[in-house]
Amino acid sequence: MALRSSASRPDRGFGVRGGMDYLIIELESLLLRRRKTSTDIIRATGHTPASISKIRNGKVKAIRLKTLLDICVELDCQPGDLIKRVNERELEELATRRARNALSRATATGDDPVLESDHVYVVDLRDD
Numbered sequence: 002m003a004l005r006s007s008a009s010r011p012d013r014g015f016g017v018r019g020g021m022d023y024l025i026i027e028l029e030s031l032l033l034r035r036r037k038t039s040t041d042i043i044r045a046t047g048h049t050p051a052s053i054s055k056i057r058n059g060k061v062k063a064i065r066l067k068t069l070l071d072i073c074v075e076l077d078c079q080p081g082d083l084i085k086r087v088n089e090r091e092l093e094e095l096a097t098r099r100a101r102n103a104l105s106r107a108t109a110t111g112d113d114p115v116l117e118s119d120h121v122y123v124v125d126l127r128d129d
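For the sequence shown, the working numbering gives the first residue as 2, with consecutive numbering after it.
If you want it as structure tokens, here you go:
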């Protein structure tokens, strides 16, 4: 499964209906869909490579609103396109779908464009 977290087990928050909720970062998928790279974001926004890498890989607990705005302007998207709240079932479905897509691409003949990341980057919200 292509589930990624900066910790071995991400912290889970309890949603309004008692289910477990997660935040996922979709920067990698947005970059692929827009045919851009992290370097494009870094050059356009002036943010450091380390900062953009941490956001891309879900290794952040907070994002400054200015940083979020800069990324959204460069990618012509909304904040909700970059950060999504999903429940446990949706997270599993997303990870499974992306793993299947990665397998399909690996076995396909031809050069289909990659429009979605193979990974799901879950934000670890545990207190240190």
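For glycine and all other residues, C-beta sits at the position ideal for the given N, C-alpha and C.
None of the values given here were measured: they were computed from a predicted structure.
Residue from the options whose Cα sits closest to the Cα of residue i
| i | options | result |
| --- | --- | --- |
| Asp-82 | Glu-89, Asn-88, Ile-72, Glu-91 | Ile-72 |
| Ala-96 | Thr-108, Ser-118, Asp-77 | Ser-118 |
| Pro-80 | Asn-102, Thr-68, Arg-44 | Thr-68 |
| Ala-51 | Ala-45, Glu-91, Ser-39 | Ser-39 |
| Ala-45 | Glu-93, Val-74, Cys-78 | Val-74 |
| Ala-92 | Asp-128, Ser-30, His-120 | Here residue 92 turns out to be Leu, not Ala, going by the sequence shown. The option with the nearest alpha carbon to Leu-92 is His-120. |
Beta-carbon proximity check, residue i vs residue j, cutoff 8 Å
| i | j | result |
| --- | --- | --- |
| Leu-28 | Arg-57 | yes |
| Ile-42 | Ile-53 | yes |
| Arg-35 | Leu-76 | yes |
| Arg-102 | Asp-22 | The sequence given here has Asn at residue 102, not Arg. No. Outside cutoff. |
Buried or exposed (CB count within 10 angstroms, at least 16 for buried), residue i
| i | result |
| --- | --- |
| Leu-32 | buried |
| Leu-104 | exposed |
| Arg-99 | buried |
Euclidean distance between Cα positions of residue i and residue j
| i | j | result |
| --- | --- | --- |
| Asp-125 | Gly-59 | 8 Å |
| Thr-161 | Lys-85 | The question about residue 161 has no answer here: the residues shown for the chain are numbered 2 through 129. |
| Lys-37 | His-48 | 16 Å |
| Tyr-122 | Ile-26 | 6 Å |
| Lys-55 | Lys-62 | 10 Å |
| Leu-66 | Arg-90 | 29 Å |
Distance cut-off 7 Å: residue i Cβ against heavy atoms of the ligand GDP
| i | result |
| --- | --- |
| Thr-108 | As for the ligand GDP, it is missing from this structure, which has no ligand bound. |
Identify every run of the beta strand (DSSP E) within the segment 48 to 117, keeping only runs that are complete inside it and at least 3 residues long; order them along the chain.
With a minimum length of 3 residues, the continuous beta strand (DSSP E) runs that stay inside the segment 48 to 117 are 84 to 88.
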